[in-house]
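Please read the structure below before turning to the comments.
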Amino acid sequence: MSDFLVIVESPAKAKTIERYLGKKYRVKASMGHIRDLPKSQTGVDVENNYEPKYITIRGKGPVLKELKTAAKKAKKVYLAADPDREGEAIAWHLAHSLGVNSESDCRVVFNEITKDAVKEAFKHPRPINMDLVDAQQARRILDRLVGYNISPLLWKKIKKGLSAGRVQSVAVRLIIDREKEIANFIPEEYWSIDAEFLKGKENFQAAFYGINNKKTKLSSKEDVDSVMSKINGNQFEVVSVVKKERLRNPSLPFTTSSLQQEAARKLNFRAKKTMMLAQQLYEGIDLGNEGTVGLITYMRTDSTRISELAQNEAVEVISSLFGNQYVKNGNQKAKKQANTQDAHEAIRPTSALREPNSVKSFLSRDQFRLYKLIWERFVASQMAPAIMDTMAVTLKNGEVYYRANGSKIKFHGFMKLYIEGTDDQQEEKENMLPELVEGDIVKAEKLDPKQHFTQPPPRYTEARLVKTLEELGIGRPSTFAPTLDTIQRRGYVALDNKRFIPTELGEIVHEMIVEFFPEIINVEFTAQMEKSLDEIEEGKIEWVSIIDDFYKGFEKKLKVAEEEMEKVEIKDEPAGEDCENCGHPMVFKMGRFGKFMACSNFPDCRNTKPIVKHIDVKCPKCSEGNVIERKSKKKRIFYGCDRYPECDFLSWDKPIARHCPKCQDMLVEKKLKKGIQVQCVQCDYKEQTVQ
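Reading the sequence shown from the start, the letters are residues 4 to 694 in my numbering.
Right, here's the structure in full:
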């Protein structure tokens, strides 16, 4: 019989920890929560201080029975769920169900699943932290009161299966607001006059700056002509040369948010996939002779703090791989944001000495890619800054001034290993300028006036949306991935070219919530609620008072909505064509990803078809038809004329409703690795790349 019982959430975690603790310890998994609010009712007694009514989760009876049997046989029970609010709540529910005194030293927490960390944690057990539990309970009850009161209204007024939540409603609002910004955007014309100069045999680029060394905007062709008329010949004088040395610091180690963003940029992972893989790396991987080992620290954190031991290991690795000159002097710290809890370390390898290639054979392809990303980011964070030699040159011809900026890497530093990805611009590259001094005369080989148009703000990618939610203080590390998953599963938003667009259903639900529950989608209100939950965790305020303050006003709005919210009937509109299978009329129906065509003879006939997507562009070949979006057999999107086969126009690039200003031919959106560029299909006309 084992002397001690340890309960964790997952079997993988149990297997890893049992190896470290030895024969006196038996480790079992609760498989997550064992108690929760009932699904069939709100489960919150609003008349009795919002007392929650917890029940054993359906299907968890056998697990609970097994844990009770094991607990009776053990001398002591330790509850070792994850080191966060959710984990603390799981431990509290287990203590209640198993008859463990929550005020006894029964709670054990560790930030990484390694032998030393686990053994050290068991030397310092503590009572369950009720402030953490109360913060989790407050969030759960708050979300239940919102969801279980608004959702039935949406079912009644719109359609079944809908839901509304605090964080998900704000996320949908951000996506809808961005779509409105794009729709209302009015492009503004602007011009550039780039130049190519020659010094000796070396060419370099410079951009028009202004007149009489004052920044000058070029808003029209007339402005360009005015500048060009002021240029006398092709000789330019170098009037200023400024050389500087600039340091570029490495990125800090990963938080949950920055990991999700970087995995999206560099590995093309969705947030949900990133967190699933990170959980596997945290809970433990079988490394053959070494046994099962947790490869990374806890993956739900908003802190960039790291331990002294981890720093020392990183220094050892850097010195070994690159030399002592690549080791950072001093510890770079980020400014702590007001909404940062800083409860755990940053996400890092449990041992920097465990290089990615040494464990590659034990990991799946995606596990390896994520581990390599985490390892490189952490090790690079402890490396010396890169040193850049920069050169800023000003040139003039009469009243006309040009500027050129160059840089070269003097010392690679951390860039030898890792450079952070970006959403909005190309990674920094060397741009060499020839050796120039004041008074030099250079020759303008080419002056290139170009027309541009300002671009609307980009739609949200998953990475951008996570970053925005974090900056606004909406949600916490553990909520980002589930929130993005929920709004897609509910059909409120869809991904188009990896960017979020709202669906018609999402817009309908959003309008209802804006009208009757404006605080639910209010960014400042939701962020303030997150701060209140943090204050509950810190023991500064009682959770009941926060719920009560919210619910009193919410209950009144609920009664008004019950009476005044009009029913939105999403009718099956005739599609104007008959079913090719049974001859009945086809109708438009609302689905998870918006409207689609289905046979009105359902369920006898289950024929469905996607709706033809028009892009509001006349066919450039026949001028009679309209360009529509199609899909190849391999699901690749292309564009063709709706008069096919009479007109065989075809384009892999999306045509747009503007003509080339140079040759009047068709303009298309060309997808590049770093965004979309508008190009002419006939001449060399191109516009600025948009992310």
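In this text, a Cβ means the ideal position worked out from N, Cα and C, and glycines have one as well.
As the structure is a prediction and not an experimental result, all values here were calculated from the model.
Indicate the three-state DSSP secondary structure (helix, strand or coil) for Pro-55 in the structure shown.
The residue labelled residue 55 in the question sits at position 52 within the sequence shown. Strand at Pro-55.
Opposite His-455 in the DSSP bridges: which residues?
For the purposes of this step, residue 455 is taken as the residue at position 452 of the sequence shown. Looking at the DSSP assignment, His-455 forms a beta bridge with Tyr-193.
Alpha carbon to alpha carbon, how far is Leu-284 from Asp-392?
Position 281 of the sequence shown, counting from 1, holds the residue named residue 284. Position 389 of the sequence shown, counting from 1, holds the residue named residue 392. Going from the Cα of Leu-284 to the Cα of Asp-392 covers about 40 Å.
According to DSSP, is Leu-250 helix, strand or coil?
As a first step, residue 250 must be located in the sequence shown, where it is residue number 247. Strand, per DSSP.
Quick check: the Cα distance between Asn-315 and Ser-323, rounded to an integer number of angstroms?
Counted from its first residue, the sequence shown places residue 315 at position 312. Counted from its first residue, the sequence shown places residue 323 at position 320. So the two alpha carbons sit approximately 12 Å from each other.
Are the stretch 472-487 and the stretch 524-535 touching, with three or more C-beta to C-beta distances below 8 Å?
Output reads yes: the stretch 524-535 touches the stretch 472-487.
Helix, strand or coil, according to DSSP, for Ile-299 in the structure here?
Counting from one through the sequence shown, the residue named residue 299 turns up at place 296. It is a strand residue.
Beta-carbon separation of Gln-667 and Lys-673 under 9 Å?
Reading the sequence shown from its first residue, position 664 is the one you call residue 667. Reading the sequence shown from its first residue, position 670 is the one you call residue 673. In this structure, Lys-673 does not lie closer than 9 Å to Gln-667 by Cβ.
What are the start and end residues of the beta strand (DSSP E) that includes Thr-397?
The residue you call residue 397 lines up with position 394 of the sequence shown. From DSSP, the beta strand (DSSP E) with Thr-397 extends over 389-400.
Under DSSP, the alpha helix (DSSP H) around Pro-577 begins and ends at which residues?
In the sequence shown, residue 577 corresponds to position 574, counting from 1. Note, Pro-577: premise wrong, no alpha helix (DSSP H); beta strand (DSSP E) at 576-581.
Within the same chain, show all residues whose beta-carbon is closer than 7 Å to that of Gln-282, passing over the 5 residues directly before and after it, in chain order.
Your numbering for residue 282 matches position 279 in the sequence shown. Excluding sequence neighbours, Gln-282 sits near Met-302.
On a Cα-Cα basis, can you pick out the residue from Val-620, Val-149, Lys-501 that is closest to Gly-678?
Position 675 of the sequence shown, counting from 1, holds the residue named residue 678. Among Val-620, Val-149, Lys-501, the Cα nearest to that of Gly-678 is on Lys-501.
In the DSSP assignment, the alpha helix (DSSP H) including His-513 goes from what residue to what residue?
Position 510 of the sequence shown holds residue 513. It spans 507-519 - the alpha helix (DSSP H) in which His-513 sits, taken as one unbroken run.
Can you tell me whether DSSP reads Gln-140 as helix, strand or coil?
For the purposes of this step, residue 140 is identified with residue 137 of the sequence shown, where counting begins at 1. Residue state, collapsed to three classes: helix.
Going by DSSP, what residue range makes up the beta strand (DSSP E) through Arg-406?
Position 403 of the sequence shown, counting from 1, holds the residue named residue 406. Per DSSP, Arg-406 belongs to the beta strand (DSSP E) from 403-414.
Could you please give the first and the last residue of the uninterrupted beta strand (DSSP E) stretch that includes Phe-7?
Numbered from 1 along the sequence shown, position 4 holds the residue referred to as residue 7. Phe-7 -> beta strand (DSSP E) spans 7-11.
Provide the residue(s) that pair with Leu-653 in DSSP beta bridges, ordered along the chain.
Counted from its first residue, the sequence shown places residue 653 at position 650. DSSP output for Leu-653 lists Gly-643 as bridge partner(s).
Is the stretch 538-549 in contact with the stretch 133-140, if contact means three or more CB pairs nearer than 8 Å?
Enough Cβ pairs lie closer than 8 Å, so yes.
Within this structure, are the beta carbons of Pro-256 and Thr-307 separated by less than 9 Å?
Against the sequence shown, residue 256 aligns to sequence position 253. Against the sequence shown, residue 307 aligns to sequence position 304. Taking 9 Å as the Cβ cut-off, Pro-256 and Thr-307 qualify as a contacting pair.
Output yes or no for whether 9 Å exceeds the beta carbon distance between Leu-221 and Trp-194.
In the sequence shown, residue 221 corresponds to position 218, counting from 1. In the sequence shown, residue 194 corresponds to position 191, counting from 1. Closer than 9 Å, so yes.
Taking DSSP as the reference, what is the three-state secondary structure of Thr-72?
For the purposes of this step, residue 72 is taken as the residue at position 69 of the sequence shown. Looking at Thr-72 - three-state DSSP - the assignment turns out to be helix.
How about Asp-645 and Ser-603: do their beta carbons lie closer than 9 Å?
Residue 645 sits at position 642 when you count from the first residue of the sequence shown. Residue 603 sits at position 600 when you count from the first residue of the sequence shown. Not closer than 9 Å, so no.
Identify which residue in Glu-379, Ser-310, Arg-147, Val-11 has its Cα closest to the Cα of Leu-82.
As a first step, residue 82 is located in the sequence shown; it is residue number 79 there, counting from the start. Selected option, being the one with the closest Cα: Val-11.
Quick one, which of Tyr-647, Ile-161, Ala-395 has its alpha-carbon nearest Glu-514's?
Translated into positions along the sequence shown, residue 514 becomes position 511. Glu-514 has its Cα closest to that of Ile-161, out of Tyr-647, Ile-161, Ala-395.
If Ile-377 and Lys-413 are in contact, beta carbons under 8 Å, what's the gap, nearest whole angstrom?
Reading the sequence shown from its first residue, position 374 is the one you call residue 377. Reading the sequence shown from its first residue, position 410 is the one you call residue 413. No, Ile-377 and Lys-413 are not in contact; Cβ-Cβ is about 29 Å, not under 8 Å.
Identify, in the order they occur along the chain, each residue of the same chain with its Cβ nearer than 7 Å to the Cβ of Ile-511, setting aside the five sequence neighbours on each side.
Along the sequence shown, read from residue 1 onward, the residue named residue 511 stands at position 508. Same-chain partners within the cutoff: Ile-161, Val-571.
Whole angstroms are fine: how far does the CA of Glu-627 sit from the CA of Val-684?
In the sequence shown, the residue the question calls residue 684 occupies position 681. In the sequence shown, the residue the question calls residue 627 occupies position 624. Approximately 20 Å, taken between the alpha carbons.
Taking only three categories from DSSP, how would you classify Met-600?
Taking the first residue of the sequence shown as position 1, residue 600 is located at position 597. DSSP places Met-600 in strand when its eight states are reduced to three.
What is the residue span of the beta strand (DSSP E) that Val-112 lies within?
In the sequence shown, counting from the first residue as 1, residue 112 sits at position 109. Unbroken run through Val-112: none, as it is neither H nor E.
Quick check on DSSP: helix, strand or coil for Lys-18?
Numbered from its first residue, the sequence shown carries residue 18 at position 15. Helix, per DSSP.
Which word fits Arg-176, buried or exposed, when buried means at least 16 other C-beta atoms lie within 10 angstroms of its C-beta?
Start at 1 with the first residue of the sequence shown, and residue 176 comes out as number 173. Counting Cβ neighbours within 10 Å, Arg-176 comes out buried, since at least 16 surround it.
Quick check: the Cα distance between Val-241 and Asp-451, rounded to an integer number of angstroms?
Working through the sequence shown from its first residue, we reach residue 241 at position 238. Working through the sequence shown from its first residue, we reach residue 451 at position 448. Approximately 20 Å between the Cα atoms of the pair.
Could you check how far apart the C-beta atoms of Glu-540 and Arg-88 are, in whole angstroms? I think they sit under 8 Å.
Taking the first residue of the sequence shown as position 1, residue 540 is located at position 537. Taking the first residue of the sequence shown as position 1, residue 88 is located at position 85. Between Arg-88 and Glu-540 the Cβ distance is about 7 Å, and since that is below 8 Å, they are a contact.
Apart from the five residues on each side of it in sequence, which residues of its chain come closer than 6 Å, Cβ to Cβ, to Ser-384?
Sequence index remark: in the sequence shown, residue 384 carries index 381 (1-based). Once the five neighbours on either side are set aside, the close Cβ partners of Ser-384 are Pro-253, Leu-255, Pro-256.
Can you look up Ala-84 in the DSSP assignment and give me helix, strand or coil?
Numbered from 1 along the sequence shown, position 81 holds the residue referred to as residue 84. In this structure, Ala-84 counts as coil in the three-state DSSP scheme.
Give the straight-line distance between the Cα atoms of Ala-466 and Leu-262, rounded to the nearest whole angstrom.
What you label residue 466 is simply residue 463 of the sequence shown in a count that begins at 1. What you label residue 262 is simply residue 259 of the sequence shown in a count that begins at 1. Roughly 9 Å separates the two Cα atoms.
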